[in-house]
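>
Numbering (this note's numbering), first residue to last: 8 to 232.
1. Which of the three DSSP states, helix, strand or coil, is assigned to residue 45?
2. Tell me, which residues are paired with residue 133 by DSSP?
3. Where residue 150 and residue 112 are concerned, what is the direct C-alpha to C-alpha distance, given to the nearest angstrom?
4. Would you kindly report the start and end of the unbroken beta strand (DSSP E) that includes residue 214?
5. May I ask you to report which of helix, strand or coil DSSP gives residue 97?
6. So residue 201 is in the beta strand (DSSP E); what residue range does that whole segment cover?
7. Report, in whole angstroms, the separation of the C-beta atoms of residue 199 and residue 174, which I expect to be a contact under 8 Å.
8. Whose C-alpha, out of 157, 180, 185 and 168, is nearest the C-alpha of residue 228?
9. Distance check for residue 94 and residue 210, CA to CA, integer angstroms please.
10. Just the Cα atoms here: how many angstroms apart are residue 165 and residue 139?
11. Using the Cα positions of residue 171 and residue 145, report the straight-line distance between them to the nearest angstrom.
12. Check whether the Cβ atoms of residue 136 and residue 196 lie closer than 7 Å to each other.
13. For residue 32 and residue 44, what's the separation of their Cα atoms in angstroms?
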């Protein structure tokens with residue numbers, strides 16, 4: 008017994024064939040006009056198409072065509088912007104930047120510089136040099152009252168006893184004081200950029216620094232060789 012046929016149902020192969028049609032087979036403006044001319048030639052003479060209907064269909068097609076062209080132009084623009092950003096990011100390879108929470112390698116007694124970003128006046132600003140391996144405070148700097156802006160500082164590589172700090176990894180931590188209140192502040196240290204990547208989800212460039220972390224390009228500052 009043969010199975011009944013059902014009109015209007017397409018096979019998987021037919022659907023795949025239709026979905027794989029090249030773009031140049033899509034209905035363009037000229038094809039639309041030829042199709043519409045044929046429609047006019049074969050219309051019912053007793054009920055001809057009115058001019059308003061013709062204009063409406065043509066306007067609808069023109070609007071769709073303009074929207075498609077605009078979408079394509081926007082995609083090209085976004086793609087170009089992304090490529091430009093990636094190229095700019097690639098030029099950062101090997102550069103020195105200041106970034107927050109950098110783990111710095113110190114070969115023993117070497118001086119290191121840093122920056123603290125302030126968004127308000129503080130009565131006192133203290134900078135702590137912390138051993139990254141055991142979280143012990145090695146030294147501290149009392150930077151006094153400060154106004155909003157970037158406060159640059161330098162660590163001479165010594166410990167609290169005035170001796171050269173041992174070789175190892177260190178982190179800068181800053182604390183601001185207003186009256187009896189204290190709060191931690193972002194302290195930046197210098198690091199070299201070792202890699203660049205593009206995050207499609209966030210639409211932003213990320214740089215990899217020598218301590219192994221990945222940081223958004225917008226979070227770094229003071230680029231230098």
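Just so it is clear, CB atoms sit at the ideal spot from N, CA and C, and this is done for glycine as well.
Taking the definition as stated:
1. Within the chain shown, residue 45 is the residue found at index 38, counting from 1. In the three-state DSSP reduction, residue 45 falls in the helix class (H, G or I).
2. The residue you call residue 133 lines up with position 126 of the chain shown. The partner list for residue 133 (beta bridge, DSSP) reads 149 and 182.
3. In the chain shown, the residue the question calls residue 150 occupies position 143. In the chain shown, the residue the question calls residue 112 occupies position 105. Distance between the alpha carbons of residue 150 and residue 112 is about 23 Å.
4. Numbered from its first residue, the chain shown carries residue 214 at position 207. Note, residue 214: beta strand (DSSP E), 211-216.
5. On the chain shown, residue 97 is found 90 positions in, with the first residue counted as 1. Looking at residue 97 - three-state DSSP - the assignment turns out to be helix.
6. For the purposes of this step, residue 201 is taken as residue 194 along the chain shown, with counting starting at 1. 194-206 is the extent of the beta strand (DSSP E) around residue 201.
7. Mapped onto the chain shown, residue 199 falls at position 192. Mapped onto the chain shown, residue 174 falls at position 167. Between residue 174 and residue 199 the Cβ distance is about 18 Å, and since that is not below 8 Å, they are no contact.
8. As a working mapping, residue 228 is identified with position 221 in the chain shown. Nearest to residue 228 by C-alpha distance, out of 157, 180, 185 and 168, is 157.
9. Start at 1 with the first residue of the chain shown, and residue 210 comes out as number 203. Start at 1 with the first residue of the chain shown, and residue 94 comes out as number 87. Cα to Cα, residue 210 sits roughly 14 Å from residue 94.
10. Working through the chain shown from its first residue, we reach residue 165 at position 158. Working through the chain shown from its first residue, we reach residue 139 at position 132. C-alpha separation (whole angstroms): 15 Å.
11. Residue numbering aside, residue 171 sits at position 164 when the chain shown is read from its first letter. Residue numbering aside, residue 145 sits at position 138 when the chain shown is read from its first letter. Computed Cα separation, rounded: 10 Å.
12. Position 129 of the chain shown, counting from 1, holds the residue named residue 136. Position 189 of the chain shown, counting from 1, holds the residue named residue 196. No, the Cβ-Cβ distance between residue 136 and residue 196 is not below 7 Å.
13. Taking the chain shown and counting its residues from 1, one reaches residue 32 at position 25. Taking the chain shown and counting its residues from 1, one reaches residue 44 at position 37. At residue 32 the pLDDT is 44, less than 50, meaning the model places this residue with poor confidence and gives no usable figure here.
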